[in-house]
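Student: Here the protein sequences line up with chains B and S, keeping their order.
In terms of my numbering, the first sequence opens at residue 1 and continues consecutively.
In terms of my numbering, the second sequence opens at residue 1 and continues consecutively.
Backbone N, C-alpha and C fix where the C-beta goes; we use that ideal spot for every residue, glycine too.
Number of protein chains: 2
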Amino acid sequence: MKIFTFLLGLCSLVVHSQGLLPEVPVPKENPMSAEKIELGKMLYFEPRLSVDGTISCNSCHNVMANGADGRAVGVGVKGQRGDRKSPTVWNSAYNTVQFWDGRAESLEEQAKGPLTNPVEMAMPSEQAVIDRIQQLDEYVDRFKKVFSLKKKKQITIDHVAKAIAAYERTLVTGDSPYDRFVKGDQKALSASAQRGLKLVGEVGCTSCHSGPHFAGQGFEQGQGHFQMFPLIDSEYTEKYQLKKDLGRFNETKKDEDKHMWRVPTWRNIAVTAPYFHNGSVKTLDEAVRVMAKTQLGQDLEKKQVEDIVAFLNSLTGEFPAQQMPRLPLSSGFTLTPDP
Amino acid sequence: MKIFTFLLGLCSLVVHSQGLLPEVPVPKENPMSAEKIELGKMLYFEPRLSVDGTISCNSCHNVMANGADGRAVGVGVKGQRGDRKSPTVWNSAYNTVQFWDGRAESLEEQAKGPLTNPVEMAMPSEQAVIDRIQQLDEYVDRFKKVFSLKKKKQITIDHVAKAIAAYERTLVTGDSPYDRFVKGDQKALSASAQRGLKLVGEVGCTSCHSGPHFAGQGFEQGQGHFQMFPLIDSEYTEKYQLKKDLGRFNETKKDEDKHMWRVPTWRNIAVTAPYFHNGSVKTLDEAVRVMAKTQLGQDLEKKQVEDIVAFLNSLTGEFPAQQMPRLPLSSGFTLTPDP
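#1: Which of the three DSSP states, helix, strand or coil, is assigned to S/A104?
#2: Of the choices B/A270, B/F45 and B/F229, whose alpha-carbon is the least far from that of B/P177?
#3: Express the C-alpha separation of S/R195 and S/V182 in angstroms, rounding to a whole number.
#4: Rounded to whole angstroms, what's the CA-CA distance from S/N95 to S/K152? Just pull it up for me.
#5: What did DSSP end up calling B/L7 once you bin it into helix, strand or coil?
#6: In the DSSP assignment, the beta strand (DSSP E) including B/M260 goes from what residue to what residue?
#7: Quick check: B/T272 and B/T88, are their CB atoms within less than 8 Å of each other?
#8: Would the region 100–109 of chain B and the region 239–248 of chain B be scored as touching if the rule is three or more Cβ pairs under 8 Å?
#9: Three Cβ pairs or more, each shorter than 8 Å: is that satisfied between the region 76–85 of chain S and the region 107–127 of chain S?
#10: Please state if the CB of S/R326 and the CB of B/T336 are separated by a distance shorter than 8 Å.
#11: Which one of S/C205, S/E46 and S/A65 has the shortest CA to CA distance from S/S56?
#12: Using the beta-carbon count (16 or more within 10 Å), is S/F399 buried or exposed?
#13: I need the boundaries of the alpha helix (DSSP H) containing S/Q395, first residue and last residue.
#14: Under a three-way DSSP split, which group does S/E38 fall into?
#15: Please tell me whether, using a cut-off of 7 Å, the distance from the CB of B/Q186 to the nearest non-hydrogen atom of the ligand GDP is below it.
#16: Tell me the DSSP secondary structure of B/V75 in three-state form.
#17: By DSSP, does B/M228 sit in helix, in strand, or in coil?
#18: Output, in chain order, the set of chain S residues within a Cβ distance shorter than 7 Å of B/A321.
#19: Excluding sequence positions up to five away, which residues of its chain have a Cβ less than 6 Å from the Cβ of B/L171?
#20: Do we get a CB-CB distance below 8 Å when we pair S/T283 with the residues of chain B?
#21: Less than 8 Å between the beta carbons of B/E256 and B/V146, yes or no?
#22: Does any residue of chain B have a CB that is nearer than 8 Å to the CB of S/R71?
#23: Cutting at 8 Å between CB atoms, please list the residues of its own chain near S/M1, excluding the five before and the five after it.
#24: Determine the closest residue to B/A65 out of B/Q322, B/H159 and B/S331, with distance taken between C-alpha atoms.
#25: Where S/L189 and B/E251 are concerned, what is the direct C-alpha to C-alpha distance, given to the nearest angstrom?
#26: Report the rounded CA-to-CA distance for B/Q154 versus S/G53, giving the unit in angstroms.
#27: Verify whether the separation of the beta carbon atoms of S/I133 and S/Y44 is less than 8 Å.
#28: Within 8 Å (strictly less), CB to CB, does B/N91 reach chain S?
#29: Could you pull out every residue in the same chain whose Cβ sits closer than 7 Å to the Cβ of B/E318, ignoring the five residues on either side in sequence?
#30: Starting from B/R180, follow the alpha helix (DSSP H) in both directions and report where the run begins and ends.
#31: Alpha carbon to alpha carbon, what distance is there between S/L39 and S/Y139?
#32: Strictly below 9 Å CB to CB, what residues from chain B border S/E329?
#33: Short of 8 Å in beta carbon distance, which residues of its chain neighbour S/A68, apart from the five on each side in sequence? Order them along the chain.
#34: Residues in its own chain within less than 8 Å of S/W261 by CB, not counting five upstream and five downstream?
#35: Residues in its own chain within less than 6 Å of B/E108 by CB, not counting five upstream and five downstream?
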């Protein structure tokens, strides 16, 4: 019986070579430490890093809500709406580039973006972020300790980004039904999910959504797995405004980057609706239909969609319990503007 | 030696009869349960209870930041500013009435206020809150279980308020240096803090800030300990705009309620700056000076202020670690308005 299970396990490994997530890649220039992770968590939940003290990283990438916000697009200070869906922070450490258009080559680089984006946290400058942090003794002490600084003047935006990125690298969900299946537990996936697993290979989805993160092979940071979307025009282009945003072109201004996007992960895709860069598609089955049509020119049958969705549901991992950080106090001043 | 310590302990009990916080008062109509507390925690951290999905209870009463927001006044949806300082949620279960003007007789009643306040969470109606909750299966299941409901139609705003209040009743900080001192640990308070402890009685502060919560004797819910502020006009009235807000009068429209306020707790006062209903005073020493002058007609000496502040610092308790809740997902729809 054990040998039989073992053979079945081998068999499943052959069927889907995507495999299990490796250890989180950690850049040499930002080694992990417990103190750095804790500091990063504090900063991640720190609304006073936004101009009016209302928005933290967690506001849009809500760790408690599967790492996103359930909205079509993010909302920043003063209720301002962005124009792209907030990607989940969980497992973002496995993305080789960050943001929908891949314009950041690392979590460190990404972390700096929203701070000064006028429709997100809207700080007037990176220096303004540092000025605030330098007013809070507990942050100063922690930065000094974590980064071996002698003076508080030495705190830079890169230290802020490094601490936040270190915390984000701890946000990993493993042990999804798919992972248990890969390890040999045949019962972890329903018959429908198992058919879906085969289908995503046969239909061609995994030519882009490959590897254990289902976002392209390899984990080398800064490498990037980009794809044009939509690749083929269809009724969906207009219906979901898929071409309104020029994607990577906005960053590079190169014609070949028009409508190019980072291939997003499938991990936890069932619990991070809505879908696509503009959050225009609300359900996973519709997202599957749209992708098959726009990327592979295929009209999937109802049952195929059901099986693929069943498989995608199996990629929802276990979200480890998180302890809340405790934020340092300002005494004698308010960090954010008074009325 | 042990007898000596014991006698010293007795002695300290005589000096300050305020004593230790009792068990949290729990109303008969809202008994605590682990499931109710967890549901309440989820709702407390649920930004989708605000009109645009940006503000939760925790936004202004930040559990991670000693239960408040460090701002002069709260900030609601679209960056709108309120006109009163957000009181800390920690130990709010000991307040016999809620809000600065005491207009809510219980945590349950308080919890409903911000949901539909147009400058806070700005939901169009309490029914709109329920409509959102009823769309999320996990909330529906939890409400049914916690309140023994048969149908999701039976969920009411009172259930929401009860769950949130149950969670808030768990937010208690004990074991402050003062508490350890009361228990007999003479070293828990510095000589200055011990002088301050005597002074707050001699000067007259504890005629209002009495009892173990330092907010008036007794814990009977709905009872209320009100005081006029400022009681005596001084240079501070104008400087800190202390009479701009009519306080309890705004609610009752009775002349005798002009400038009447709930006596706020001293627990964690050193870590919940700024001070007073309008957050106009930034430091604890200035708050002490203002209170002595406006309530007792006294100009304190510098050393007296220092000693009282040292004592007030000893009322900062231990904040128990909090595990983050996990918020339920919306699939196929966004709970908040799309762009």
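Tutor: On the basis of the supplied data:
#1: strand
#2: B/A270
#3: 15 Å
#4: 32 Å
#5: Residue placement at B/L7 is poorly supported in this model, since its pLDDT is 47, which falls under 50; the coordinates are not used for a value here.
#6: M260 to R262
#7: yes
#8: yes
#9: yes
#10: no
#11: S/E46
#12: Look at the range of chain S in this structure, 1 to 339, and you will see that residue 399 of chain S is not part of it.
#13: Since the first and last residues shown for chain S are 1 and 339, residue 395 of chain S lies out of range.
#14: helix
#15: Ligands displayed in this structure: none; no statement on the ligand GDP is therefore possible.
#16: strand
#17: strand
#18: Q323
#19: V89 and W90
#20: yes
#21: no
#22: yes
#23: A caution first: S/M1 carries a pLDDT of 45, below 50, which makes its placement in the model unreliable, though a value can still be read off. The answer is none, since no qualifying residue turns up.
#24: B/Q322
#25: 59 Å
#26: 37 Å
#27: no
#28: no
#29: T173, G174 and D175
#30: P177 to V182
#31: 8 Å
#32: Checking the sequence shown, residue 329 of chain S turns out to be Leu, not Glu. Correct list: A65, N66, G70, A270, V271, T272 and A273.
#33: C60, H61, N62, K85, S86, P87, T88, V89 and T272
#34: W100, D101, G102, F226, Q227, M228, F229, G247, R248 and H277
#35: A161, K162 and A165
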